[in-house]
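Numbering follows the working numbering, in which position 36 of the sequence shown is assigned residue number 45; successive positions increment by one, without gaps.
C-beta atoms are modelled at their ideal positions from N, C-alpha and C, and glycine is treated no differently.
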Amino acid sequence: MFGHCPGSANMRTPTLSIKKCPECGHDVELFSIDLKVACDNCGFMIYNEISGCVQWCKHARECLGEETYRKLMEEEE
């Protein structure tokens with residue numbers, strides 16, 4: 010059994026990924042702790058699916074730590 014959720018590592022130590030905007034094709038920087046980011050070119054909102062577990066996992070607060078958990082929950086609202 011895991012000592013912690015294997016998916017939470019990307020939220021505790023943020024990683025950067027480059028995604029293509031589905032609207033205009035522009036490269037958009039998205040950190041693993043960002044729930045969403047607007048494309049610099051056209052303003053289209055790009056969502057990060059990785060952090061979705063925060064919404065439903067009963068261990069999210071303990072797994073991610075209070076500060077990261079609060080930040081992600083506030084961004085979702």
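Can you tell me where the alpha helix (DSSP H) with residue i in it begins and where it stops?
i	result
residue 71	69-73
residue 62	62-65
In angstroms with no decimal places, state the Cα-to-Cα distance between residue i and residue j.
i	j	result
residue 34	residue 82	29 Å
residue 39	residue 64	19 Å
Can you tell which of the options has the C-alpha that lies nearest to the C-alpha of residue i?
i	options	result
residue 57	43, 38, 79	43
residue 32	26, 53, 69	53
Using the beta-carbon count (16 or more within 10 Å), is residue i buried or exposed?
i	result
residue 10	Any answer about residue 10 is weak, because its pLDDT of 36 lies below 50 and its placement is not dependable; what the coordinates show is given next. Under this definition residue 10 is an exposed residue.
residue 72	buried
residue 24	exposed
residue 77	buried
Name the two residues that bound the continuous beta strand (DSSP E) containing residue i.
i	result
residue 55	54-56
residue 39	36-40
Any idea what DSSP makes of residue i, helix, strand or coil?
i	result
residue 25	strand
Does the distance between the C-beta of residue i and the nearest non-hydrogen atom of the ligand FMN fall short of 8 Å?
i	result
residue 27	Here there are no bound small molecules, and the ligand FMN is not part of this structure.
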